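What follows is a set of notes on a single structure, which appears directly below.
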Amino acid sequence: MDALNALLTRNSASKLIDPAPAKGELQQIISAALRSPDHARLRPWRFLLIEGQAREALGTLFAEATKRAKTGTSPEILQKASSKSQRAPLIVVVIASTAAHPKVPHLEQQLSAGCAAQNILLAAHALGYAGIWRTGAMAYHQIVRDGLGLASNEEITGFIYLGTMSGEPKVIPELNPDHFATYWTPSS
Ligand SMILES: Cc1cc2nc3c(=O)[nH]c(=O)nc-3n(C[C@H](O)[C@H](O)[C@H](O)COP(=O)(O)O)c2cc1C
């Protein structure tokens with residue numbers, strides 16, 4: 001798939017099943033993430049790969065975080081929270097690891113991590129897989145942060161769920177580029 005085609009046809013999928021990208025493919029996907037624009041080459045990111053049994057442990061963290069966040073959570077709610085980690089055979093947690101820098105604000109470093117997340121989705125799509133970028137309350141909860149070993153200078157940019165699309169792809173909305181991009185005409 002050529003690059004432009006990949007960009008124009010990427011389509012998030014919430015139902016993801018086996019197979020996930022194989023090890024060699026995952027290497028390519030992460031290599032694509034590492035080609036993200038990166039001011040001063042700070043490499044302000046790292047990636048946690050969660051598959052197999054580890055997804056259950058992530059589900060336990062989700063349930064614990066949900067229990068802590070809400071009072072009176074029912075077993076059904078906790079089960080639902082826990083099962084979210086099973087929505088794909090592979091989850092790549094993109095983590096922005098930022099540091100103070102004289103020329104590169106934290107925001108720019110977070111944007112680089114966001115580009116890495118997008119490159120992961122695009123590379124997976126180019127290889128014939130599908131994915132979806134999710135955050136939600138779980139991305140910001142201290143229990144999840146601690147359980148995944150985040151340091152105080154780190155943020156979860158996203159949980160990138162990856163696998164094979166189940167069912168038909170959703171219809172991609174047609175947007176007119178002219179509605180979003182206009183030539184700036186400077187006033188004299
Ligand atoms: C930072 C970020 C966080 C997101 N979090 C969620 C989320 O928690 N749940 C969700 O359903 N979609 C989330 N989305 C949106 C989906 O990833 C996806 O973009 C959306 O379903 C539209 O599909 P499309 O990417 O094919 O246009 C998030 C997107 C971004 C950029």
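If you read the sequence shown in our numbering, its first letter stands for residue 1, the second for the next number, and so on. Note that CB positions come from ideal geometry on N, CA and C, so glycine has one too. Owing to the predicted nature of the structure, the values given are computational and were not obtained by experimental measurement.
- Between THR71 and ALA81, the C-beta spacing is not below 7 Å.
- If you draw a straight line from the Cα of SER152 to the Cα of SER187, it is about 45 Å long.
- Looking at the backbone, the Cα of PHE62 and that of MET138 are separated by about 6 Å.
- DSSP, reduced to helix, strand and coil, places MET138 within a helical segment of the structure shown.
- In the three-state reduction of the DSSP assignment, SER187 falls in the coil class, being assigned neither a helical nor a strand state.
- Here the region 1-8 does not lie against the region 20-38, with fewer than 3 beta-carbon pairs under 8 Å apart.
- According to the DSSP assignment, GLY24 belongs to no beta strand (DSSP E) but to the alpha helix (DSSP H) extending over 23-33.
- ASP146 and ALA126 have their C-alpha atoms roughly 33 Å apart.
- Not one heavy atom of ligand 1 is found less than 6 Å from the C-beta of GLY131.
- By the Cβ-count criterion, HIS141 is buried, with 16 or more other Cβ atoms from all chains shown falling within 10 Å of its own Cβ.
- Straight-line spacing of the CA atoms in PHE47 and THR185 works out to 42 Å.
- Taking C-beta atoms as the reference points, GLY131 and ALA124 count as a pair closer than 7 Å.
- For GLY167, there is no enclosing beta strand (DSSP E), since its DSSP letter is neither H nor E.
- Distances from the CB of GLY163 to the heavy atoms of ligand 1 are all 6 Å or more.
- For THR98, the CB stays at least 6 Å from every heavy atom of ligand 1.
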